[in-house]
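What follows is a set of notes on a single structure, which appears directly below.
Protein chains: 2
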Amino acid sequence: MNIVVASSGGPTSAINASIAGVYLEAVKHSSINKIYGAFNGIEGILENRLVDLREQLNDDGAVELLKNTPSTVLGSCRYKLPKVEDDITVYEKVVTYFKEKDIGAFFYIGGNDSMDTVCKLSRYMKENNIDIKVIGIPKTIDNDLMYTDHTPGFGSAAKYVAATISEITRDSMVYSAKSVTIVEVMGRYAGWLTASSCVLKERGESAPHLIYLPEVPFSTEKFIEDIKIKQEKHKAVIIAVSEGVKNEEGCYVAECYQSGENDAFGHKYLAGVGKMLEDLVKNEIGCKVRSIELNVMQRCSSHIASKTDIDEAEHIGSKAVLAALNGETGKMMILSRVSNNPYKVEIQTIDVDDVANHVKYFPIEWINEDKNNVKNEAINYFLPLIQGELNIKMDKGIPVHFRIKK
Amino acid sequence: MNIVVASSGGPTSAINASIAGVYLEAVKHSSINKIYGAFNGIEGILENRLVDLREQLNDDGAVELLKNTPSTVLGSCRYKLPKVEDDITVYEKVVTYFKEKDIGAFFYIGGNDSMDTVCKLSRYMKENNIDIKVIGIPKTIDNDLMYTDHTPGFGSAAKYVAATISEITRDSMVYSAKSVTIVEVMGRYAGWLTASSCVLKERGESAPHLIYLPEVPFSTEKFIEDIKIKQEKHKAVIIAVSEGVKNEEGCYVAECYQSGENDAFGHKYLAGVGKMLEDLVKNEIGCKVRSIELNVMQRCSSHIASKTDIDEAEHIGSKAVLAALNGETGKMMILSRVSNNPYKVEIQTIDVDDVANHVKYFPIEWINEDKNNVKNEAINYFLPLIQGELNIKMDKGIPVHFRIKK
C-alpha cells in the first residue's frame with residue numbers, strides 16, 4: 061500500500077518534523093511502498109497534487125534539514141470539510157482518488173479544525189467499509205487540543221516567546237524614565253502561549269510583571285490599576301497579553317481595532333490588542349509605552365526551536381504510522397506526560413471524536429488571585445517543553461531551509 | 061588615571077561588546093586604575109551614577125557573557141547636551157565631576173546624537189585646556205553614520221532581519237491563495253537595514269520581492285502596481301519596507317498613523333507604515349495581506365547576533381582606549397573596509413565634527429531602476445557583516461544574559 065501525509069491550519073516550527081517522523085517510520089516497513097505528501101492539505105488531495113517524499117528526501121541530510129525547517133513544506137489550507145449529509149461528493153472524490161493511488165493510510169497534521177476533518181473522513185470510511193486509515197497528528201502553537209498533555213509546535217513557540225521577552229526586557233530597561241512594554245502573544249481562545257512567558261521567573265527575571273489570558277475577563281480599569289501598582293517597584297513594566305483577551309461581556313478587547321473579517325471557520329480575525337492597550341496606557345498613565353506584536357515570528361522562528369518539541373513532533377509522526385499499521389483509524393496521537401523530573405512522555409492514541417471542535421483552556425487554578433499572572437505550577441508544566449537547542453545548519457550567515465524540489 | 065564608558069541612544073546587540081572591548085583593553089594598561097561605567101549615558105555622569113567595571117566583570121566568563129547580552133547593561137539616554145553658549149553649567153558640572161573622579165578619558169558609545177555630545181564635550185575640553193580625552197564609539201542598527209564603512213550593531217540587526225524574513229517567507233508560502241506580506245524594518249532616515257534583506261538572494265530566495273527605502277520617494281500607486289506585477293510570478297509576495305519611507309512631498313507615508321509625538325531630538329515618532337500599507341493592499345487588491353513590524357526584536361535579538369559584528373564591536377572599543385592613551389580626543393572610531401574577499405577591516409579614527417548630525421544614506425546607485433529593489437553590489441557589501449554565530453550560553457532553555465550586580 062501507499063500512504064499520504066498532509067498538513068492543515070496555521071504553520072508551526074514542528075510540522076516538518078512530524079512529516080519527517082512519518083517518513084522515517086514508513087521507510088522501515090516493506091508493506092509501505094509510496095510515501096506521498098499532499099500539498100495544501102485536503103485541498104491538494106481534491107486537486108491531485110501529490111509529491112513523492114522518497115524522491116524528495118533521499119539526499120544526505122535532507123531529513124535533518126526538513127526537521128529544522130519552519131512552517132510546512134507541504135503547504136496548508138483552511139478548507140472545512142462539509143458534513144457528509146450536505147455534500148457527499150467531496151468524500152467520494154477523496155475516496156476515489158485514494159483508491160486510484162492505492163492509499164492505505166492518510167495522516168493529517170493539524171489543530172482543532174484539522175481534527176474535525178480526520179473525524180468526518182474516518183467516520184465516512186468506517187461507515188462505508190472502506191479500509192483507509194485516517195490518523196490525526198496534533199500541531200498547534202496554541203496548545204489548546206484536548207487530551208494531549210501539550211501539542212507539537214507549542215514548545216518551540218514558547219521557547220521563542222520566552223527568549224524574546226527576555227531580550228525585550230533588556231531592551232526596555234535602558235532608559236531612566238518609567239516605561240510600559242506590552243507584548244501581544246498569539247492565542248485566540250486559550251492563553252497557554254502567553255502564560256508560558258512565566259518560565260522567565262525560573263531564570264530570575266521579574267518580567268513579565270503582568271500576564272493576561274483569555275481565560276479570565278479583562279478589565280481595562282483593572283489593567284491600568286495593575287500597571288500603577290507594578291510601577292511602584294519596577295521602572296520598566298513588561299506585560300504579556302494574549303491576543304484573545306475578552307471583557308466581562310465576552311467581547312474581544314481589541315474589537316474596535318478588528319478588521320471585521322472572518323476566516324473560513326468563522327473565527328474573528330484578531331489584531332491590535334497590544335496597540336489598543338498602548339493607546340490606553342498613553343492616555344491613562346502618560347508614560348513611555350510601546351506595544352510589540354510577536355506576530356508570525358512566534359510560530360516560524362525555528363532557528364530558536366525547542367529540541368524537545370522537534371524530537372517529540374518527529375516521534376509522534378512515527379507513532380502515527382505504527383498506529384495505522386496496527387489497524388487504528390479515527391484516532392489522534394497524543395502526548396501523555398509520565399513525569400516531570402526526569403521529564404518523560406508517552407505517545408498514545410485517542411478517539412478523534414473527543415478532540416475535534418473542543419478547546420483545552422489554560423487551567424483557572426494556575427492563575428493567581430489577582431488574575432494578572434500565573435502560579436508556579438505553570439512553570440513546572442512549561443519548563444520541560446522548551447529545553448534543548450537544534451544544531452541549525454547555517455550558510456552564508458543565514459539558517460538553511462529544506463525546500464521541495466520541483 | 062581613571063576612565064569612564066557610557067552608552068546613549070537606541071539599544072543594539074553589540075553595545076555591550078564595545079563596553080567589553082573598552083574593559084579588556086583598559087585592564088592591560090597599568091596607567092589606568094578605575095574602569096567606570098556610567099549609567100544612562102551623560103545623565104548618569106550628571107547624577108554621579110557610576111559603577112566599577114572591574115568589580116562587575118571579575119567573575120569567570122563574565123566578559124564573554126556581557127559580549128553576548130543584548131541592549132546595554134549601562135543603560136542609555138536621549139539627553140541632548142545644550143550648546144555651551146546656552147548653558148555652560150552642564151559642561152562645568154561634567155568637568156568638576158570628572159576631575160573629582162580623576163577621569164582621564166571618556167568613551168561614549170552611540171549614534172549621531174551621541175557623536176554630537178562627543179563633539180561638544182571634546183571641544184569644550186580643548187578650549188579650556190582640560191586634559192580629558194573624549195572618544196566616540198559608533199553604534200547604531202541604522203548604519204547611517206558618516207565615514208565608517210558600517211556601524212557596530214548593524215550586522216547583528218541585518219542577520220536577524222535576513223533570518224527572520226527567510227522564516228517569514230516559509231510561513232507565508234503555505235496557503236494556495238495569493239498573499240502579500242509586508243515586513244516593516246527600522247530605519248528613520250536611511251534604508252540600510254531594510255536593504256540588507258537582499259542578502260537572501262545569495263541563498264536562492266526570491267524574497268523579498270520588493271524593497272522600499274527612504275532614499276527614493278514612495279508612491280502608493282506605484283506600490284500597488286509593483287505588487288500586481290510580482291503577483292503574476294509569485295503566489296506569496298514578500299515586501300521589505302523601511303519605516304521611514306516618504307512620498308514625493310517628503311512626508312512620511314505613515315503620517316496619518318503617527319502619534320504626533322516628538323522625541324527629545326525632534327525626531328518624529330514613527331509607527332505603522334506596514335499597517336497602513338496592509339490596509340492599502342486590502343482595499344486596492346483585496347488579497348490576503350499581513351503586515352509584520354520587526355519592532356525592537358531587530359535590535360535586541362542577540363541570540364542570533366552576527367559574530368563578525370560582535371567581534372568588531374569589541375575591537376573598536378579596545379582601539380578607542382588605545383586612541384585615548386595615544387592622546388587623541390574629539391574623535392570617532394571608524395571601521396574602514398580593506399577588502400571584501402577575504403573580508404578585512406581596519407579600525408581608524410576621524411574628527412567627530414565631521415560625523416555629528418550628518419546622515420549616511422544608502423547609495424542611490426545601488427537601487428534598481430524601478431526603485432523597488434537593490435542591486436547585487438549591495439549584497440557584496442552586506443554579506444560579510446552577517447557572518448558567524450555566537451556560542452550563546454543557555455540555561456533552562458533560555459539564553460543567559462549578563463546583569464549588573466547591585
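Line by line, the protein sequences give chains A and B.
Counted from 1, the first sequence has number 418 at position 358 by this note's numbering; the numbering is strictly sequential.
Counted from 1, the second sequence has number 256 at position 196 by this note's numbering; the numbering is strictly sequential.
Each residue gets a CB set at the ideal place from its N, CA and C atoms; glycine is no exception.
As the structure is a computational prediction, the values presented were derived from the model and not from experiment.
Rounded separation between residue i and residue j - CA only
i: Val276(A); j: Phe214(A); result: 21 Å
i: Gly320(A); j: Tyr235(B); result: At Gly320(A), the pLDDT of 44 sits below 50, so the modelled position is not reliable; the number obtained from the coordinates is stated separately. Taking the straight line joining both Cα atoms gives about 21 Å.
i: Ala237(A); j: Asn386(B); result: 37 Å
i: Ser279(A); j: Thr241(A); result: 18 Å
i: Ile105(A); j: Gly70(A); result: 18 Å
i: Ser67(A); j: Asn100(A); result: 7 Å
i: Leu126(B); j: Asn343(B); result: 48 Å
i: Gln358(A); j: Thr129(B); result: 21 Å
i: Glu292(A); j: Glu285(A); result: 11 Å
i: Gly326(A); j: Ser174(A); result: With a pLDDT of 47 at Gly326(A), under the threshold of 50, the modelled position of that residue is not reliable, and the figure given next carries that caveat. Using only the alpha carbons, I get a separation of about 15 Å.
i: Ala77(A); j: Ser182(B); result: 58 Å
i: Lys420(B); j: Val178(A); result: 57 Å
i: Ala324(B); j: Ser362(B); result: Confidence is the limiting factor: at Ala324(B) the pLDDT is only 48, short of 50, which leaves the residue's position unreliable and the question unanswerable from this model.
i: Ala296(A); j: Lys335(A); result: 18 Å
i: Glu308(A); j: Asp339(A); result: 20 Å
i: Ile364(A); j: Asp176(B); result: 38 Å
i: Asp120(A); j: Lys466(A); result: 18 Å
i: Ala86(B); j: Arg263(A); result: 31 Å
i: Lys290(A); j: Arg109(B); result: 24 Å
i: Gly304(B); j: Gly457(A); result: 27 Å
i: Asp147(A); j: Lys153(A); result: 11 Å
i: Thr132(B); j: Ala314(B); result: 30 Å
i: Lys348(A); j: Ser239(A); result: 5 Å
i: Lys328(B); j: Ala380(B); result: Any reading at Lys328(B) is ruled out, since the residue's pLDDT is 46, under 50, leaving its predicted position unreliable.
i: Ile75(B); j: Pro212(B); result: 8 Å
Test item: CB-CB of residue i and residue j under 9 Å
i: Ile197(B); j: Ile225(B); result: no
i: Ala217(A); j: Ser73(A); result: yes
i: Tyr83(A); j: Leu117(A); result: yes
i: Leu445(A); j: Asp371(A); result: no
i: Asp204(A); j: Ala250(A); result: yes
i: His269(B); j: Ile228(B); result: no
i: Ile89(B); j: Arg397(B); result: Here residue 89(B) turns out to be His, not Ile, going by the sequence shown. No, these two residues do not count as a Cβ contact at 9 Å.
i: Ile439(B); j: Val259(B); result: yes
i: Ser366(B); j: Gly247(B); result: no
i: Tyr207(A); j: Asp414(A); result: yes
i: Val301(A); j: Glu265(A); result: no
i: Met233(B); j: Ala165(B); result: no
i: Leu354(B); j: Val150(B); result: no
i: Val434(B); j: Leu273(B); result: yes
i: Ile195(B); j: Ile163(B); result: no
i: Asp231(B); j: Cys137(A); result: no
i: Lys199(B); j: Ala373(B); result: yes
i: Lys140(A); j: Val64(A); result: no
i: Ile394(B); j: Ile407(B); result: yes
i: Ile92(B); j: Asp112(B); result: no
i: Tyr312(A); j: Val333(A); result: yes
i: Ala223(B); j: Pro142(A); result: no
i: Lys261(A); j: Asn400(A); result: no
Inter-residue CB distance, residue i and residue j (contact presumed, cutoff 8 Å)
i: Lys391(A); j: Ile410(A); result: 6 Å
i: Gly81(A); j: Ile376(A); result: 7 Å
Residue i Cβ short of 8 Å to the ligand MN heavy atom set
i: Leu253(A); result: Among the components modelled here there is no ligand, and therefore nothing to report on the ligand MN.
Unbroken alpha helix (DSSP H) runs of length 4 or more, entirely within the segment 160-207 of chain A: which are they?
For the segment 160-207 of chain A, the full-length alpha helix (DSSP H) segments reaching 4 residues or more read 172-187 along the chain.
Residues from the segment 348-359 of chain B in contact with chain A, defined by Cβ distance under 9 Å
Per Cβ criterion, the list reads Arg350, Ser351, Ile352, Glu353, Leu354, Asn355, Val356, Met357 and Arg359.
Please list the segments of the beta strand (DSSP E) lying wholly inside the segment 97-128 of chain A, counting only runs of 3 or more residues, in order along the chain.
Uninterrupted beta strand (DSSP E) stretches at least 3 residues long and entirely within the segment 97-128 of chain A occur at 110-112, given in chain order.
Identify each residue in the segment 429-455 of chain A for which the Cβ-Cβ distance to at least one residue of chain B is less than 8 Å, and report them in chain order.
Within the segment 429-455 of chain A, the residues whose Cβ lies closer than 8 Å to some Cβ of chain B are Leu443, Ile446, Gln447, Gly448, Glu449, Met454 and Asp455, listed in chain order.
Counting only Cβ-Cβ distances shorter than 9 Å, please list the residues of the segment 119-140 of chain A near chain B, keeping chain order.
With the criterion set as a beta carbon lying under 9 Å from some beta carbon of chain B, the members of the segment 119-140 of chain A are Thr129, Pro130, Ser131, Thr132, Val133, Leu134, Gly135, Ser136, Cys137 and Arg138, in sequence order.
Threshold first: 4 residues or longer. Then list the alpha helix (DSSP H) segments lying entirely within the segment 220-290 of chain A, N to C.
DSSP runs (the alpha helix (DSSP H)) wholly in the segment 220-290 of chain A: 252-255.
Please specify which runs of the alpha helix (DSSP H), each continuous and at least 4 residues long, are wholly inside the segment 372-442 of chain A, giving them in chain order.
If one requires a minimum length of 4 residues, the alpha helix (DSSP H) runs lying completely within the segment 372-442 of chain A are 436-442, in chain order.
Residues, ordered as in the chain, of the segment 154-175 of chain B that lie near chain A by beta-carbon distance below 9 Å
Residues of the segment 154-175 of chain B whose Cβ lies closer than 9 Å to any Cβ of chain A: none.
Beta carbons nearer than 7 Å to chain A: which residues of the segment 209-222 of chain B have them?
Of all residues in the segment 209-222 of chain B, Lys219 and Ala222 have a Cβ within less than 7 Å of some Cβ in chain A.
Output, in sequence order along the chain, the residues in the segment 372-399 of chain A whose CB is closer than 9 Å to any CB in chain B.
From the segment 372-399 of chain A, no residue has a Cβ closer than 9 Å to chain B.
Mind listing which residues of the segment 65-82 of chain B have their C-beta closer than 7 Å to chain A's C-betas, in chain order?
Across the segment 65-82 of chain B, CB contacts with chain A closer than 7 Å involve Pro71, in sequence order along the chain.
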